[in-house]
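Below is one structure; the comments refer to it alone.
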Amino acid sequence: MKQDILLQTEHLHKSFDNQEVLKDISFSLTGGEVVVIIGPSGCGKSTFLRCLNGLEDIDGGRVIFHGEEISAQKKKMHLIRQKIGMVFQSYDLFPHLTIMENILLAPMKAQGRQKQEIEKEAEELLKRVGLFEKKNAYPRQLSGGQKQRVAIVRSLIMHPDVMLFDEVTAALDPEMVREVLQVLLELAKSGMTMLIVTHEMEFARAVADRILFMDKGIIVEENTPQEFFESPQTERAKQFLNMFH
Ligand code: ADP
Ligand code: MG
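Take UniProt numbering: the final residue in the sequence shown is number 245, and no numbers are missing along the way.
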């Protein structure tokens with residue numbers, strides 16, 4: 001069955017001052033698809049994700065979500081952002097709130113949902129990421145990997161249609177990387193539509209339906225994981241991959 005395009009850009013341009021950071025990016029993400037973006041530091045990956053959920057204004061082109069141009073709808077942006085979840089490298093949980101309180105905050109405030117209903121759901125999600133017993137703990141009592149898993153739950157409870165992940169394991173100690181990647185793998189298996197920026201090549205290969213290789217603000221190469229890792233088409237991609245051997 002052919003799925004519909006969920007999120008899309010057409011000729012997206014973004015500059016900071018006089019530096020063009022994203023140069024004419026056309027891209028689409030289909031429902032249920034998992035796409036991984038890889039590329040050197042500074043090539044524009046984070047900026048691209050931030051443009052997709054309206055955290056950055058764009059200078060040209062369009063961002064289209066469910067067939068509607070969202071780059072032109074400032075007023076609806078807060079609603080759109082609930083439907084496009086994003087998890088970053090830093091997990092910025094509120095230190096004075098428990099894990100459960102951190103998770104309940106946004107669905108109660110932004111979606112007006114009842115505490116009882118979402119508490120049950122939060123418990124289920126915490127079980128899914130192996131953190132049920134931490135629900136009454138405070139963020140300082142958790143490891144980096146555990147906090148990052150809470151950040152993922154906090155996003156999922158908003159019932160997003162698509163999840164953007166920006167180097168979510170980059171700040172973690174190696175032993176905690178795996179537990180977070182495992183959560184992403186399971187989320188992908190469950191059918192969540194995902195766009196993931198990562199430098200974890202093995203993980204990228206395992207999780208991705210499609211790989212985008214970005215360099216200097218351009219999508220240089222777009223391929224299946226197998227093709228990309230075994231026979232990259234461009235010199236730039238070859239050079240980049242060589243750094244990981
Ligand atoms: P990546 O995530 O691939 O490492 P970024 O999207 O963070 O790359 O950055 C791309 C380029 O845009 C870099 O040259 C960076 O310095 C620049 N940049 C990112 N955010 C800003 C900003 N808020 N103001 C000015 N320049 C920025
Ligand atoms: Mg980045």
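Where is the CB? At the ideal position from N, CA and C, for every residue including glycine.
Would ILE64 pass as a contact of ILE58 if the rule is Cβ separation under 9 Å? no
Top-ranked residue by Cα proximity to GLU179, from ILE152, PRO160, ASP161: ILE152
Rounded separation between GLY60 and LEU12 - CA only: 6 Å
Please determine whether the Cβ atom of GLY39 lies at a distance below 8 Å from any heavy atom of the ligand ADP. Relative to the ligand ADP, the beta carbon of GLY39 is positioned inside 8 Å of a heavy atom.
Which residue marks the beginning of the beta strand (DSSP E) containing GLN19, and which one marks its end? Counting along the chain, GLN19 sits inside the beta strand (DSSP E) bounded by residues 19 to 30.
Where PHE213 falls: helix, strand or coil (DSSP): strand
Measuring alpha carbon to alpha carbon, tell me which of GLN239, GLN182, GLN233, MET214 ends up nearest LEU22. MET214
State buried or exposed for MET100, treating a residue as buried only when at least 16 other CB atoms are found within 10 Å of its CB. Buried.
Can you list, in chain order, the residues of its chain whose CB lies under 6 Å from that of ALA237, leaving out five sequence neighbours each side? PHE213, GLU221
Who are the near neighbours of ALA122 in its chain, counting only those whose CB is closer than 8 Å to its CB and skipping five residues on each side? MET100, ILE103, LEU104, LYS135, VAL153, ILE157
Taking GLN8 as part of the beta strand (DSSP E), name the residues at either end of that continuous run. 5 to 16
Put MET158 into one of helix, strand or coil per three-state DSSP. coil
Can you find the residues in the same chain that come closer than 7 Å, C-beta to C-beta, to ILE25, ignoring five residues on each side of it along the sequence? THR9, LEU12, PHE48, ILE219
Which ranges would you report for the beta strand (DSSP E) in the stretch 176 to 206 if only whole runs of at least 3 residues count? 193 to 197
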